[in-house]
Amino acid sequence: MIDTTGARSMSHVRRFDHVGITVADLDVVTAFFVALGLEVEGRAFVEGEFLETVCGIPDSRTEIVMLKSPDGGARLELARFVRPESVPGSPAAMANELGLRNVSFEVNDLQAAVDWAASEGYGLVGGIGEYEGAWRMAYVRGPEGIIVSLAQRIG
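With the UniProt record's numbering as the guide, the letters of the sequence shown map in order to residues 1 to 155.
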């Protein structure tokens, strides 16, 4: 396999597994994504040597909820740190701020999804845009400032 620099590289990735988001209120954020259409795959506390080794935080404990898309493909892990307390992020971050800026879902009816989000108190970041007659898309500012990209195939 050739990468974009022209150097030879080996693919280490077998498949996409999940995206993880650290949140303060696990119940509120979980409810938002379940109402959007994701399904809870499991919920558990994680602590001990494994977590401390992987995240590099001694004496840490998290509670996680794993969500899956209806097609069983992509998964979303929501994690709330019990120990140590979470460090606040920037809930008003825009798409050009470095770091994870959005999690994206294909929806059946973009306007219905946007209307539902608005009825729950989650507004648009910008507006609804159309890309080359193939997609309509919008960013919604979800719970805890998470930008949720909603896209509907139209072409």
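From the three backbone atoms N, C-alpha and C, an ideal C-beta is built for every residue, glycine too.
Just tell me which of the options has its CA closest to the CA of residue i.
i: residue 165; options: 94, 145 and 153; result: Residue 165 is absent from the model: the chain starts at 1 and stops at 155.
i: residue 76; options: 148, 83, 20 and 155; result: 20
i: residue 57; options: 49, 92 and 127; result: 49
i: residue 87; options: 15, 67 and 25; result: 25
i: residue 116; options: 33, 16 and 15; result: 33
i: residue 101; options: 72, 145 and 46; result: 145
Pull up the distance between the alpha-carbon of residue i and that of residue j, whole angstroms please.
i: residue 1; j: residue 85; result: In this prediction, residue 1 has a pLDDT of 49, which is less than 50 and means its spatial position is unreliable; nothing more can be read from the coordinates.
i: residue 37; j: residue 69; result: 7 angstroms
i: residue 53; j: residue 155; result: 46 angstroms
i: residue 91; j: residue 11; result: 35 angstroms
i: residue 110; j: residue 81; result: 33 angstroms
i: residue 136; j: residue 59; result: 45 angstroms
i: residue 78; j: residue 13; result: 22 angstroms
i: residue 42; j: residue 18; result: 14 angstroms
i: residue 127; j: residue 31; result: 24 angstroms
i: residue 95; j: residue 23; result: 18 angstroms
i: residue 63; j: residue 44; result: 6 angstroms
i: residue 120; j: residue 39; result: 19 angstroms
i: residue 143; j: residue 28; result: 7 angstroms
i: residue 118; j: residue 139; result: 12 angstroms
i: residue 97; j: residue 103; result: 14 angstroms
i: residue 65; j: residue 130; result: 33 angstroms
i: residue 51; j: residue 15; result: 23 angstroms
i: residue 73; j: residue 105; result: 11 angstroms
Report all residues from its chain with a CB closer than 7 angstroms to the CB of residue i; omit the five preceding and five following residues, and keep chain order.
i: residue 141; result: 122, 123, 125 and 147
i: residue 83; result: 59, 60 and 61
Can you name, in chain order, every residue of its own chain whose Cβ lies under 6 angstroms from the Cβ of residue i, other than the five neighbours on each side?
i: residue 113; result: 107 and 150
i: residue 35; result: none
Does the distance between the C-beta of residue i and the nearest non-hydrogen atom of the ligand NAD fall short of 6 angstroms?
i: residue 41; result: No copy of the ligand NAD occurs in the structure displayed, which carries no ligand at all.
Mind checking if residue i is an interface residue toward chain D, Cβ cutoff 7 angstroms exclusive?
i: residue 137; result: Protein chains in the displayed structure number just one, and chain D is not present.
I'd like the list of long-range same chain contacts for residue i, defined as Cβ closer than 8 angstroms, with 5 residues on each side in sequence excluded.
i: residue 67; result: 30, 33, 34, 38, 39, 40, 41, 75, 76, 77 and 78
i: residue 93; result: 99, 101, 145 and 147
Start-end ranges of the alpha helix (DSSP H) lying completely within the UniProt domain "VOC" (15-153), minimum 4 residues: 26-36, 49-55 and 110-119
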